[in-house]
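In the working numbering, the protein residues as written are 43 to 179.
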């Protein structure tokens, strides 16, 4: 990276060049503003613990996570002004189903506000999501 801080897009989402692997995801998380940065670090840590060997990438200015040895992606997250939105691409198949509905019938969302992460439930959803077929985007 050039040493300049990434530009924040509307809602405070970092603009990070797309790329595969740990480095672009780490750059995205480092650029998350305010309280969202430690949340992003914790989400990334919980995903890594729940899915050893998880594949990572940044696409469309969002970190994506995929099961090792599988095609596609099971989750991503994105910064908004007042929350971080986690997308579960096959969320309708998770038990219990994450609360946020989507126009796409398989997709479910989890909006995490400051101090509002249920780590046990999140980790359970991540483990479940990683076992489902990935979404190819």
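Heads up, the beta-carbon is just placed ideally off N, CA and C, and yes, glycines get one too. Note that the coordinates shown come from a computational prediction; the quantities given were computed from them, not determined experimentally.
Length of the line joining the Cα atoms of residue i and residue j
i: residue 47; j: residue 115; result: 27 angstroms
i: residue 170; j: residue 147; result: 18 angstroms
i: residue 44; j: residue 68; result: Residue confidence for residue 44 is low, a pLDDT of 47 falling below 50, so the modelled location carries little weight and cannot support an answer.
i: residue 136; j: residue 52; result: 30 angstroms
i: residue 84; j: residue 90; result: 10 angstroms
i: residue 77; j: residue 175; result: 32 angstroms
Outcome for residue i when other beta-carbon atoms lying within 10 angstroms are tallied against a minimum of 16
i: residue 96; result: buried
i: residue 59; result: exposed
i: residue 162; result: exposed
Three-state secondary structure (DSSP) of residue i
i: residue 122; result: coil
i: residue 60; result: coil
i: residue 50; result: strand
i: residue 156; result: coil
Nearest residue (CA-CA) to residue i, options the options
i: residue 54; options: 139, 79, 177, 85; result: 79
i: residue 70; options: 90, 49, 179, 88; result: 49
i: residue 145; options: 137, 138, 131; result: 131
i: residue 65; options: 173, 99, 77; result: 99
i: residue 126; options: 134, 81, 72; result: 81
Sheet register partners of residue i (DSSP bridge)
i: residue 129; result: 118, 151
i: residue 99; result: 62, 106
i: residue 142; result: 151
Contact with chain B by residue i, beta-carbon distance below 8 angstroms
i: residue 50; result: Of the chains in the structure shown, none is chain B; there is only one protein chain.
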